[in-house]
Amino acid sequence: MNKTAEYRFNFMAFRKKAMFLSVVLILVSLGSLFSRGLNLGIDFTGGNLVQLEFGSPVEVGEVRDVLAGVGQGKAVIQAYSDKGVIIRMKADEEDARRDVLEALKAKYDSVQVLRFEKVGPVVGDQLRKEAFIALGLALVGILIYITVRFQFRFAVVSVLALLHDSIITLGIFSIMGREISVTFIAAILTIVGYSLNDTIVVLDRVRENWKHLRGWGIDGLFNVSVNQTLSRTINTSLTTFLPVLAFYIWGGPVLANFSFALMIGIIVGTYSSIYVASSILDEWFTKSPVKQ
Amino acid sequence: MLRKDRWRLTLVAVVVIAALASVFPIKGRINLGLDLKGGAHIVLQAKGTEENPLTGDSVERLLAVLRNRVDQYGVSEPLIQREGQDRVIVDLPGVENPEQALELIGKTALLEFRQVVQATSALPPRAQRENYDSDEEYQAAVSRWNKVKTDRDDLESRLRSEASSEAGAVVGSDEAGRIYLLGPVYVGGKDLKDAKATYDNLGRPVVSLEFNDDGAKLFDSATAENVGSQIAIVLDGMVVSAPVVQERISGGAAQISGRFTPEEARNLAIMLRAGALPVPVEVLENRSVGPTLGADSINSGLKAGLIGCALVILFMLLYYRILGIAADIALSVTILILFALLISFKATLTLPGIAGIILTIGMAVDGNILIFERIKEEYRDGKTPFASLDSGFKKAFKTILDANVTTLIAAAVLYYFGSGPIRGFALTLAFGIVASVFSAVLVTRVLLQVMVSHNSIPSLARRK
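Right under this line is the structure:
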């Protein structure tokens, strides 16, 4: 077969720069996660959420004034259209919601309650615990599967790549102050699945091209494999991104955060499948080659 | 056609026909979640008290009470189930007024027999215009009624101030609008053993009560004190009935007579039995979605789904040309199978579930993309169309399997550890993966075989 590796883009030449960029992104994300934290929604903290639709356009400021009148001035008010708002209160008592609704009904006679949610703090605690167990178990399961199908090193870099993707997605949510709800866990786990899917396609190629290792060298092996899977990576990212984008624009306010998380995850995941896993593996095999 | 191809074609045809049969007509076949059809999802935590510790039996009876209350409220297809040791989930589809539903559910069934210190008369019904000959007479009647109402309101506030100054006294009201000043509790619901709707010797419906030993003693002394006056039966702060005590009742059995219909007697007996077990409950979680928002969510989800689908179909056509047609047909089959699976597993479609479907649309063509890219590669390497197809599929299959099993692991974990909406999402995602792998590996293959036999592949994937 070919003595020299043929490829269009020399991705591995930039692997140190890419790794540096990833480390910076992760540090910024972790920094924000530790200093600012996440804007946990009522699913986790407990509290009340009310989604309202008014008969005519309203100003968020006016709504806030009404809420301040019943001692809920700290509530988060988010307008998703000129007539619709979502109000989130950290207070989880029934009374808090009732007061707010009565006050709003007194001021605007055409206000309509579309949805309300009340979550007690116990449930929130439990959810947080469940979320961590779920993430941990998913990671372990995936690690085992990849170790069996590939090699342990491949499993480690896949997990690093998906941690990279989830940390950066969480970091972006932390920096933007976007709210984290139960469905966000689903989004993160989907990103995990997606990121892996992407990484595995590249690693699969590496596994297949492994027989050319002597001729191509480590860099060549990774460059050829990434290049060979490049059009697939880009096309799949696009076909996954397009429907999620459609959902973000037309899917309504309830899952807007969910689709937003997926969009970030897809972008970061595409980058990481080209760079993160293969760069680390390249570096790893260069520094400590395995005996063939 | 090779034997293998014929076998594949048959399998695809069987699956597609079976899926079509289970999906059409689609109307009413898919279970919609509460977030899509509107309704209330309430999670209650039963809390034992010192006198009434929480037992398996008390939770079972709590379920019975809740079922009874929900039935009375008239919700169709409610779901009331126990979760774990001490939790109860109540799903009320289509409830227009979730606040009211919550009142009904969240209230503690608390039964008390109390002394009646004072009671107002019933509030007469408001004057109706059609009952009077002239406007003047009607106006007079209205003002008479208003006066009665004001008097009663005055009396009520007086009773309330008396109640607040006296220990153990409360104010209660009944359905007819009577206001009662109630004295101390004689007997509580925990001392009631049973309540049954029966008939007295004149054939009138009555409710017969049976107390336990403690209750019998307490009831005996209470009736002894109150011969000729009323004892109120108070359930959840409402005076259900305030019968006049005819005689001292010992032995722990009593009868409430009144002008009951058999139905009312039965309901009262149920409520008393319900009240006989006051396990306080706390609302842990309450999610309610109005029917309008639910319908909106379906519409916007559908719209987003169709647009997303159209974009993917268009992309595949533009980029892969004739191969794209195969991918688009395979995508339609994926969606068809996905819905067939959802319907046959009686899965509940939730809003996150719709998101799962939309995500599936995007990921479903991944298998096709992997296959097409491989086929093109093989073809560029100089293989014949048929050989490219065959080795392209073989090589892509391993990748598709590995890539999808990991997503399936994530979906399985989500399903086992998630609750409610997350489960819906995980299920649609998992079904989506199964359906898309089937379509990519079998449907696309069959379609491409047909295309190759018509010699249409070479014109698509140019050799370098």
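Protein sequences, first through last, are from chains A and B. As numbered in our numbering, residues 568 to 859 make up the first sequence, in order. As numbered in our numbering, residues 1126 to 1589 make up the second sequence, in order. Idealized CB from N, CA, C, for every residue including glycine.
- One alpha carbon belongs to residue 839(A), the other to residue 578(A), and they sit about 12 angstroms apart.
- At a C-beta separation below 7 angstroms, residue 1256(B) has no neighbours in chain A, since its nearest C-beta there lies roughly 32 angstroms away.
- DSSP places residue 653(A) within a strand segment (E or B) once states are collapsed to three.
- Separation of residue 1455(B) and residue 1497(B) (C-alpha to C-alpha, rounded to the nearest whole angstrom) is 13 angstroms.
- Scanning 1216(B), 1330(B), 1141(B) for the CA closest to the CA of residue 1167(B) turns up 1216(B).
- For residue 1215(B), not one C-beta of chain A is nearer than 8 angstroms to its own C-beta.
- No Cβ of chain B is located within less than 8 angstroms of the beta carbon of residue 824(A).
- Beyond the five residues adjoining it in sequence on each side, residue 1438(B) comes within less than 6 angstroms, by CB distance, of 1453 in the same chain, given in chain order.
- Under the Cβ distance rule, residue 685(A) counts among the residues neighbouring chain B, one pair being separated by less than 8 angstroms.
- Annotation note: the stretch 586-672 of chain A contains the following uninterrupted beta strand (DSSP E) runs of length 3 or greater, listed N- to C-terminal: 614-620, 643-646, 651-656.
- As the crow flies, the alpha-carbon of residue 1412(B) is around 11 angstroms from that of residue 1214(B).
- Legend: CB atoms of the stretch 1450-1484 of chain B lying less than 7 angstroms from CB atoms of chain A belong to residues 1476, 1477, 1480, 1483, 1484.
- Under DSSP, residue 1164(B) forms a beta bridge with 1218(B), 1414(B).
- Nearest Cα to residue 742(A) within the set 855(A), 601(A), 583(A): 601(A).
- With respect to chain A, the C-beta atom of residue 1260(B) has no partner C-beta closer than 8 angstroms.
- Selection 1331(B), 1353(B), 1379(B) evaluated against residue 1345(B) yields 1379(B) as nearest (Cα-Cα).
- Per the Cβ contact rule, the stretch 1478-1491 of chain B is in contact with the stretch 1545-1565 of chain B (3 or more Cβ pairs under 8 angstroms).
- When the five nearest sequence neighbours on each side are left out, the beta carbons in the same chain lying within less than 7 angstroms of the beta carbon of residue 706(A) are those of 726, in order along the chain.
- In the DSSP assignment, residue 1156(B) is bridged to 1473(B).
- Annotation for residue 732(A): 758, 762, 832, 835, 836, 839 place their beta carbon closer than 7 angstroms to its own, counting only its chain and skipping 5 residues before and after.
- Around the C-beta of residue 1388(B), fewer than 16 other C-beta atoms lie within 10 Å, and the residue is accordingly described as exposed.
- If you look at residue 683(A), you'll find it isn't in any alpha helix (DSSP H); it sits in the beta strand (DSSP E) that goes 679-686.
- Between the alpha carbons of residue 764(A) and residue 773(A) lies a gap of roughly 14 angstroms.
- For residue 1374(B), there is no enclosing alpha helix (DSSP H), since its DSSP letter is neither H nor E.
- Contact between residue 615(A) and residue 585(A) is ruled out by a C-beta separation of about 45 angstroms, above the 8 angstroms threshold.
- Looking at the backbone, the Cα of residue 824(A) and that of residue 788(A) are separated by about 39 angstroms.
- Sorting 1171(B), 1458(B), 1155(B), 1147(B) by C-alpha distance to the C-alpha of residue 1409(B) places 1171(B) at the top.
- Under the 10 Å beta carbon count, residue 696(A) is surrounded by fewer than 16 other beta carbons and is classified as exposed.
- Taking one beta carbon from each stretch, the stretch 640-651 of chain A and the stretch 582-599 of chain A have fewer than 3 pairs nearer than 8 angstroms; the two do not touch.
- Note that the C-beta distance between residue 1534(B) and residue 752(A) is not below 8 angstroms.
- Comparing alpha carbon positions, the residue from 722(A), 684(A), 807(A) closest to residue 1440(B) is 807(A).
- The beta-carbon of residue 673(A) is placed no less than 8 angstroms from the nearest beta-carbon of chain B.
- Neighbourhood of residue 817(A) in chain B, by CB distance below 7 angstroms: 1425, 1428, 1429, 1432, in chain order.
- Neighbourhood of residue 798(A) in chain B, by CB distance below 7 angstroms: 1498, in chain order.
- If you look at residue 1179(B), you'll find it isn't in any beta strand (DSSP E); DSSP assigns it neither H nor E.
- Around the beta carbon of residue 856(A), a 10 Å sphere encloses fewer than 16 other beta carbons of the protein chains shown; the residue is thus reported as exposed.
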